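A.B. asks: Before anything else, here's the structure in question.
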Amino acid sequence: MSMIFFPCCVVSAFGDHCQSAAKLVADKLGVEIGVGSEFNCCGYPYKGIDFKVFILLSGRNLALAEKHGADLVTNCGCCYGTTKQAESILKHDLSLCDYVNNALKREGLVYKGKSTIRHLVEVLSVSPGIPNLKARLDGTCPGLRVAAHYGCHLLRPSNVVGFDNPLFPSALELLIEATGAVCVPWSQKLECCGAPLIGINDATSMELAKKKLGSAKQAKADLICTACPCCHLQFERTRKILPFESLSEFDLPSLTYVQLIGMALGLEESTLGVSGIQRAIRN
Amino acid sequence: MPESALVYISLAICCAGIAYKVSTWFRHSFGSTKFTAFSRVCAAAKGMWQTLWSRQCLTILKAFFLDVLFLAKLLRVSPLRWTAHFLILGGFTMLLLMHALGDYLNPLVFSNYYSTLNPFLFLRNFFAVLVLTGLGVAVFNRFIRNDPARPPTSSMDVYTIAIFAAIMVSGMVLESVKITSVSVFRDMAGQYAADEDEASLKSLEAYWVENYGVVSPRLARPFSPEILAKGKLVHSVNCEQCHSPAQWAFMDYAFSRLITPVAVYLDGTAVRSTFHYLHFLICLFGLAYLPFSKVFHIFASPICILANAVMDRARSNPANLMTLQILELDACTHCGTCTRHCSMAFINRIIPNVNILPSERLVSLKLLAGGRELSVRDSLVIQDGLNLCTNCRQCTLVCPVGINLQELWFSVREALVVREIPNLTMLSPLSIYRGMEKDHIEITCYSKPISQALKAIADEFHSMREPKTAYTPEEEKVLDKAGTYLRQAACADCFGCMICTNDCPVVRAYQHPGSELGLLPHQLIHAVKLRLWDLVFSSRMLWECTGCYKCQEYCPMNVPATDLIFALRNVAISRTSRDIFKRTLETL
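Which chain is which? The protein sequence lines are A and B, in order.
Using the numbering used here, the letters of the first sequence map in sequence onto residues 122 to 404.
Using the numbering used here, the letters of the second sequence map in sequence onto residues 210 to 797.
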């Protein structure tokens, strides 16, 4: 099935380089992902506001993908988890599915459940696949110690997303290790980065991010590598506002896995949106 | 003389209107009194002067040629609309220069100017056809094409198209009537062929009836070859130098063929002078109305494009940014491109608040910026629509006149915060944008909306000690629907093992979670079981959950704890905002 890239709103506004990096890396690896412009928000922020809005938004995206005969591919964990959840709800609740299809009728769209959403981590793991990737990248990042961070919605609720083992996931580690880097074990790996609380309770949000940064630093990681660009944005934001005295304890750069793979592929760092400090890790 | 007086009056209205509009750019704001109008004028002058002598001048030049003259941004989003816009703009400008101002401008360029001579005769029609084609595309786009993504057409859009069409059509009818009119023919013959005798004039008339579409009541086809030959001779002596064949005015001529059967009647009535004045007056009306219509964008949009090419929040003077944002309201052409690409526009179908659509929200903002006292209800409606925005920046990227819409939403959101109407969507990840932009928000205002929203919800459910009144049947449904596997009964399976609480990252982020969060996750579930709604909805835990799904994942009894929290938020927000709206309406 062909694939269309699904952009994330937050990432489009604050970290568009992560999305362009994803496209560059996919291109370089020969993974064909089309571009669509008519998508709407995945519905993630509306889960807690209006359930119907969330289902309608996700339903429309899936129906659009279905119209193109393609699967959605996203780089963002929240978009992935949310759309997956909507998909599972629509599969189980036929009256809700009717409601969505009724709203979509005016645009000539219909959701029948033929299309799904896939995360780029999963896409890259299947094609080109880890062995191919390894053959292509091996040894480009030797000795780099990486703390792999999945992001909650990529893994949980596992009965809905079914992405990987929710307790011992390995998909992201395999991708990272294909570059020759080493993934370190760290206690806070499966915790939340705190991004959803930005703007609601900044103190708690920062506390959650700090815990993760501190834990990765204790594990002697050189950087945190995230599967979700929102988490990456949260870590970078937290680092920027850290008080001076806690820098030694918590200051750790982060990268998204596409940026890491992009660097390993020898892509221009400026096109990947990799900034100075992160570049320093490489050297 | 009264004609030229009318011209000067409408010109004066137009200039005064433009001056008024430009003054609003410096006087109006979204409720901020930080800068006086004078300081904003000074800041703008200073900014322009500095830009003029900096390297940014090149950026401005590039934007001028690419985006102002060539409309590259519009071409990118819609080649069809780009074509229509160019047809209208190009055709109308040429008509303005060559026809309306033709008597003044043409002699400067051409040595031998008569409006009845080619190329003027032909070009007038050619440009009119361009404008009419452009208008046709616009009408097709707006009214005929069934396009669900198009935002509603406002009366302003209709007026604009109607005025342009009226100018074109009245001109065309006037010219067609003149082509067929024998009295116009006789006037001109009297003027230019005064020396000819009656017989020659008659043969000339016959020649014009035969060849140039004049309809004469006294002469009818067929004419004898001798008369036509004589008419041709008279024509070549008296008319040919200053009058090209009427067929060159191809559109008017074609239309004049349609009215031939009634031409004699039309010539006798006041139709000609009616259309003459109609055409003239509509043009003048258009001129006077210009500053108050959306055609004013011909001034505002280029400035908006050029300013946005060199200005941004990081570098520019805040006074200038404020001025630019008010100018941007005038630069909007209500083309609807933003709404077409909006991440939330689709939702307008189930939430009937037009302020969800960026193009319509911008229209509402004109009210807000106008400084007119907005009713609480208006503010509430604008705020409700605005706060569903996901801030994905698509609108800003696609706007053909380069309005920085994202910035505009940001400023307005903060301006509305001051009005202290609780805004419950702030309790969702939609706040991430605000949080990321914290540095640009007044520190005293930053946490206000969150505390207001929390208080509104706590107040709403405070009195709800009586459990049975908790849910309406509608809300029960929402709770059941929020996740199909969310069964009320699932909560009953909870036996209080506290795995949810022990695994919750938020609980662990607090030193004294029990007192600081109100209810811990396992207590929250228990409170739901007991239907202690005031406890549930006033607990901070409900609003601090990050939705990481750890509790739900690790629960040994499969209690869908995270989905339960989302469902509870649904109920709290829908009920509280409904009551806020009701209360607001009552206070009116």
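Don't be surprised by glycine CBs; every beta carbon is placed ideally from N, CA and C.
As the structure is a prediction and not an experimental result, all values here were calculated from the model.
Using CA atoms only, rank isn't needed, just tell me which of A:264, A:180, A:341 is closest to residue 225 of chain A.
C.D. replies: For residue 225 of chain A, the nearest C-alpha among the options comes from A:180.
A.B. asks: Just how far apart, CA to CA, sit residue 231 of chain A and residue 220 of chain A?
C.D. replies: The alpha-carbon atoms of residue 231 of chain A and residue 220 of chain A are separated by roughly 11 Å.
A.B. asks: Any idea what DSSP makes of residue 468 of chain B, helix, strand or coil?
C.D. replies: Of the three classes helix, strand and coil, the one that applies to residue 468 of chain B here is helix, per DSSP.
A.B. asks: Would a C-beta distance cut-off of 9 Å place residue 62 of chain A and residue 717 of chain B closer than the cut-off?
C.D. replies: Because chain A spans 122 through 404 in this model, residue 62 of chain A falls outside it and cannot be assessed.
A.B. asks: Whole angstroms is fine: what's the gap from residue 268 of chain A's alpha carbon to residue 699 of chain B's?
C.D. replies: Straight-line Cα distance between these residues: approximately 36 Å.
A.B. asks: Taking a cut of 9 Å between CB atoms, which residues from the stretch 534-562 of chain B lie near chain A?
C.D. replies: For the stretch 534-562 of chain B, which is checked against every Cβ of chain A, the residues closer than 9 Å are 549, 550, 551, 552, 553, 554, 555, 556, 558, 559, 560.
A.B. asks: Can you give me the C-alpha to C-alpha distance between residue 714 of chain B and residue 313 of chain A, rounded to a whole angstrom?
C.D. replies: If I take the Cα positions, the gap works out to 7 Å.
A.B. asks: From the DSSP output, in three-state form, read off residue 766 of chain B for me.
C.D. replies: Coil, per DSSP.
A.B. asks: Taking the beta strand (DSSP E) that residue 346 of chain A belongs to, which residues open and close that run?
C.D. replies: Unbroken beta strand (DSSP E) run through residue 346 of chain A: 344-347.
A.B. asks: By the three-class DSSP mapping on this structure, what secondary structure does residue 548 of chain B have?
C.D. replies: Residue 548 of chain B falls in the helix class under three-state DSSP.
A.B. asks: For chain B, is any of its Cβ atoms less than 9 Å away from the one on residue 170 of chain A?
C.D. replies: Judged by the 9 Å Cβ criterion, residue 170 of chain A is in contact with chain B.
A.B. asks: Cα separation between residue 392 of chain B and residue 232 of chain B?
C.D. replies: Between residue 392 of chain B and residue 232 of chain B, the C-alpha separation is close to 50 Å.
A.B. asks: So which of B:618, B:212, B:656, B:607 has the shortest CA-CA distance to residue 631 of chain B?
C.D. replies: Ranking B:618, B:212, B:656, B:607 by Cα distance to residue 631 of chain B puts B:656 first.
A.B. asks: If distances are taken between C-alpha atoms only, which option among A:164, A:211, A:362, A:322 comes closest to residue 373 of chain A?
C.D. replies: For residue 373 of chain A, the nearest C-alpha among the options comes from A:362.
A.B. asks: With three or more C-beta pairs closer than 8 Å as the rule, is the stretch 579-595 of chain B touching the stretch 242-262 of chain B?
C.D. replies: The stretch 242-262 of chain B is not in contact with the stretch 579-595 of chain B.
A.B. asks: If the cut-off is 8 Å on Cβ atoms, which residues from the stretch 257-274 of chain A count as contacting chain B, listed in chain order?
C.D. replies: Result list: 273, 274.
A.B. asks: Expressed to the nearest angstrom, what Euclidean distance is found between the alpha-carbon atoms of residue 335 of chain A and residue 296 of chain A?
C.D. replies: Their Cα atoms are separated by approximately 24 Å.
A.B. asks: Since residue 358 of chain B sits in a beta bridge, which residues does DSSP pair it with?
C.D. replies: Paired residue(s): none; residue 358 of chain B is not in a bridge.
A.B. asks: When you compare the CB of residue 492 of chain B with every CB in chain A, is at least one pair closer than 9 Å?
C.D. replies: Chain A, which has no Cβ nearer than 9 Å to the Cβ of residue 492 of chain B, makes this no.
A.B. asks: With 16 as the cutoff for other CB atoms within 10 Å, does residue 732 of chain B come out buried or exposed?
C.D. replies: The residue is buried, with at least 16 neighbouring Cβ atoms inside 10 Å.
A.B. asks: Residue 668 of chain B bridges to which residues according to DSSP?
C.D. replies: Its beta-bridge partners do not exist; DSSP assigns none.
A.B. asks: Quick one: using the 10 Å Cβ neighbour count with 16 as the cut-off for buried, is residue 695 of chain B buried or exposed?
C.D. replies: Only weak support is given to the placement of residue 695 of chain B: the predicted model assigns it a pLDDT of 43, under 50, and the question is left unresolved by the model.
A.B. asks: Residues of chain B with a CB under 8 Å from the CB of residue 382 of chain A: which are they?
C.D. replies: Simply none; closest approach about 25 Å.
A.B. asks: By the DSSP assignment, the beta strand (DSSP E) with residue 267 of chain A in it spans what residues?
C.D. replies: Residue 267 of chain A -> beta strand (DSSP E) spans 266-270.
A.B. asks: Answer with buried or exposed for residue 245 of chain B, where buried requires no fewer than 16 other C-beta atoms within 10 angstroms of its C-beta.
C.D. replies: Its Cβ having fewer than 16 others within 10 Å, residue 245 of chain B is exposed.
A.B. asks: So which residues of chain B does residue 278 of chain A contact, with C-beta pairs closer than 7 Å?
C.D. replies: Those are 758, 761, 762, listed as they occur along chain B.
A.B. asks: Nearest to residue 500 of chain B by CA position, among B:787, B:219, B:215, B:792, is which residue?
C.D. replies: Comparing Cα-Cα distances from residue 500 of chain B to each of B:787, B:219, B:215, B:792, the minimum goes to B:219.
A.B. asks: In or out: residue 308 of chain B buried (at least 16 other Cβ within 10 Å) or exposed?
C.D. replies: Buried, since its Cβ has 16 or more Cβ neighbours within 10 Å.
A.B. asks: Chain A partners of residue 753 of chain B, CB-CB under 8 Å?
C.D. replies: Residues of chain A passing the Cβ test: 318, 321, 322, 325.
A.B. asks: Closer than 8 Å by C-beta to residue 650 of chain B: which residues in its own chain qualify, once you throw out the five before and the five after it? Chain order, please.
C.D. replies: Correct list, in chain order: 623, 643.
A.B. asks: With 9 Å set as the bound, which would you pick, yes or no: does the beta-carbon of residue 335 of chain A sit closer than that to a beta-carbon of chain B?
C.D. replies: No, residue 335 of chain A lies away from the interface with chain B (no Cβ there is under 9 Å from its Cβ).
A.B. asks: I believe residue 545 of chain B touches residue 510 of chain B by the beta-carbon criterion, under 8 Å. Please report the beta-carbon distance rounded to the nearest angstrom.
C.D. replies: Actually they are not in contact, since the Cβ atoms of residue 545 of chain B and residue 510 of chain B sit about 15 Å apart, beyond 8 Å.
A.B. asks: On the DSSP letters alone, give me the boundaries of the alpha helix (DSSP H) that residue 398 of chain B sits inside.
C.D. replies: Segment 391-401, the alpha helix (DSSP H) holding residue 398 of chain B.
A.B. asks: For a contact meaning CB atoms closer than 7 Å, what does residue 328 of chain A contact in chain B?
C.D. replies: Here the neighbours are 718.
A.B. asks: In three-state DSSP terms, what is residue 335 of chain A?
C.D. replies: Helix, per DSSP.
A.B. asks: Roughly how many whole angstroms lie between the Cα atoms of residue 288 of chain A and residue 753 of chain B?
C.D. replies: Straight-line Cα distance between these residues: approximately 24 Å.
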